[in-house]
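Reviewing the structure listed below.
Number of protein chains: 2
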Amino acid sequence: MSSKRRVGIAHFLLRTFEMLDTPKLKHLIEWSTCGEMFYIKNAREFANKVQSRFKFISQVLPQYFRHRNFQSFLRQLNMYNFVKKRLKNGWNQFQHKYFKREAKNLLIHVHRRSNGQQSDEEEQTSIFQSLLLDQQDSIKKQQEQLQQIKYLQNDIVLTSSLLYQQSVILQSNFQRLKNVLSFRLNQKLLYQYIEEQKQEKFLFNTFSLLNKSQSDSPKLTQTILTQNHKETDQEPQLFVLS
Amino acid sequence: MSSKRRVGIAHFLLRTFEMLDTPKLKHLIEWSTCGEMFYIKNAREFANKVQSRFKFISQVLPQYFRHRNFQSFLRQLNMYNFVKKRLKNGWNQFQHKYFKREAKNLLIHVHRRSNGQQSDEEEQTSIFQSLLLDQQDSIKKQQEQLQQIKYLQNDIVLTSSLLYQQSVILQSNFQRLKNVLSFRLNQKLLYQYIEEQKQEKFLFNTFSLLNKSQSDSPKLTQTILTQNHKETDQEPQLFVLS
DNA sequence: GGGAATATTCCC
DNA sequence: GGGAATATTCCC
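Sequence order for the protein chains is Z and R.
Every letter in the first sequence is one number past the one before it in full-length UniProt numbering, and letter 144, counting from 1, is 144.
Every letter in the second sequence is one number past the one before it in full-length UniProt numbering, and letter 69, counting from 1, is 69.
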């Protein structure tokens, strides 16, 4: 029956998919949010007809095909049975059952039409397998993202922990200095010191508030507090002059 | 042909799946790492035969079935054509083609055996659809996880930033205090102060080292440093007595 | 070299 | 949008 079919994916489909995968072209050609269809936003510029005095502004179509005619591009889409729709804002919307952002493996099922109509029946099993492969790709990508986030999170926890250590010890230094000063310094110096205390206390309160609002995930804060508490062997409280 | 098949999923399968989904039971019944099979680690306790003087320690089987006999549980697994294997460490391993952690929708294809052998042929399409649904579930769950992690990470970055602010301002206070002291205090007090300086410098160096080692993800540190730098309008350097 | 599929152009 | 001619590629 359909044993004559090409093995690979049509060049036209690959190039078009490639275009859609190029962030720099988002202002001209872009997937819909859900990735089920795509838009061509400015056919003129997309086809590279915009001329600025002596040279073309962009080089889109000819970068991907051997021409710079929007009509030819349309003709191809048509041969592959894409459904075109003209949107109110002037964009062209194109859609195909097997042409989706998250399902590159489905491309193999997009067939060029030769004579009249093409046979609508496909090897359903083969299509399912393509879908499965695409989904597996998605899962793999997400897992990689997760792994990277985890690594970064470890770094962040470490950084936070050290920052907290530093602040606790600084506080402790302040404490000792204060003890000395309370005996030795004159009244004027004490006033200045009190001002600094207020400032410090304000910061500490800010931080406490932040902790409270993180009720969804108190783990990090918990970790930092306990961890450092042990090491410094000192209450991370603020001392009060009185 | 196979039009006689049950509509829903067998209660036994659902309950067993549920058990495996219960973290508190991980010491008794748990999926393998890959989720392709599961283990029962202590048949005796799992079946709720362990008695501590006057009462049963756990209440596993009877929470899910109307009995507390491991043999009955085994019989069910057997009727559903699970493959049993006894591991060296005493655990029981069970496996079924369509009973997998990440493929709950496949459960519909686990059939109870009525007479001799069950028919091995399945509606392949239906199975593919189940697999697709399961994978979609996985993808959706992971996306939600990713989103939550991203939110948390934002919070953490904010926390770190505030902590760093605090430490920089404390350092600056120290600086000012030192300037006063260098005029007013006697020699003995200065010595003590120098000691504190050393301690603080040690911490700061430690922190600097940490930053260096984070070459894989220097973004956070970068953010913190620049952000705070602007706000305090002061070099976060250590001052030296000389 | 040449059949056949795909790509591009032309035109109604 | 789609038929048809031509151009190009692929492959035996």
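For every residue, glycine included, the Cβ atom is placed at its ideal position computed from N, Cα and C.
Since the model is a prediction, treat every value here as computed from it, not as a measurement.
Would DSSP call residue i helix, strand or coil?
i: Q59(R); result: coil
i: residue 249(Z); result: Outside the shown range of chain Z, which is 1 to 242, sits residue 249(Z), and nothing can be said about it.
i: F99(Z); result: strand
i: R176(Z); result: helix
i: F65(R); result: coil
i: G8(R); result: coil
i: D216(R); result: Below a pLDDT of 50, predicted positions are generally treated as unreliable, and D216(R), at 42, falls in that range; the measurement from the model is reported next regardless. It is coil, neither helix nor strand.
i: N154(Z); result: helix
i: Y191(Z); result: helix
i: N105(R); result: helix
i: N48(Z); result: coil
i: N81(Z); result: coil
i: Q71(Z); result: helix
With 7 Å as the threshold, decide whether the Cβ of residue i is near any Cβ in chain R.
i: Q135(Z); result: yes
i: E18(Z); result: no
So if DSSP puts residue i in a beta bridge, which residue, or which two residues, is it bridged to?
i: N92(Z); result: I40(Z), R86(Z)
I need the boundaries of the alpha helix (DSSP H) containing residue i, first residue and last residue.
i: E18(Z); result: 11-20
i: residue 243(Z); result: What is shown of chain Z runs 1 to 242, which leaves residue 243(Z) out entirely.
Beta-carbon of residue i versus every beta-carbon of chain Z: anything under 7 Å?
i: E102(R); result: no
i: residue 262(R); result: For residue 262(R) there is no data in the structure shown, the boundaries of chain R being 1 and 242.
Under 9 Å (Cβ pairs) to chain R, residues found in the segment 129-159 of chain Z
Taking 9 Å as the Cβ-Cβ cut-off, the segment 129-159 of chain Z approaches chain R at Q129, L131, L132, Q135, Q136, S138, I139, Q142, Q143, Q145, L146, Q148, I149, K150, Y151, L152, Q153, D155, I156, V157, L158, T159, given in chain order.
Which residues of the segment 163-181 of chain Z have a Cβ closer than 8 Å to any Cβ of chain R? Give them in chain order.
Contacts with chain R (Cβ-Cβ distance below 8 Å) from the segment 163-181 of chain Z involve L163, Y164, Q165, Q166, S167, I169, L170, Q171, N173, F174, R176, L177, V180, listed in chain order.
Which residues, in chain order, does the UniProt domain "HSF-type DNA-binding" (8-113) of chain R contribute to contact with chain Z at a C-beta distance below 9 Å?
From the UniProt domain "HSF-type DNA-binding" (8-113) of chain R, no residue has a Cβ closer than 9 Å to chain Z.
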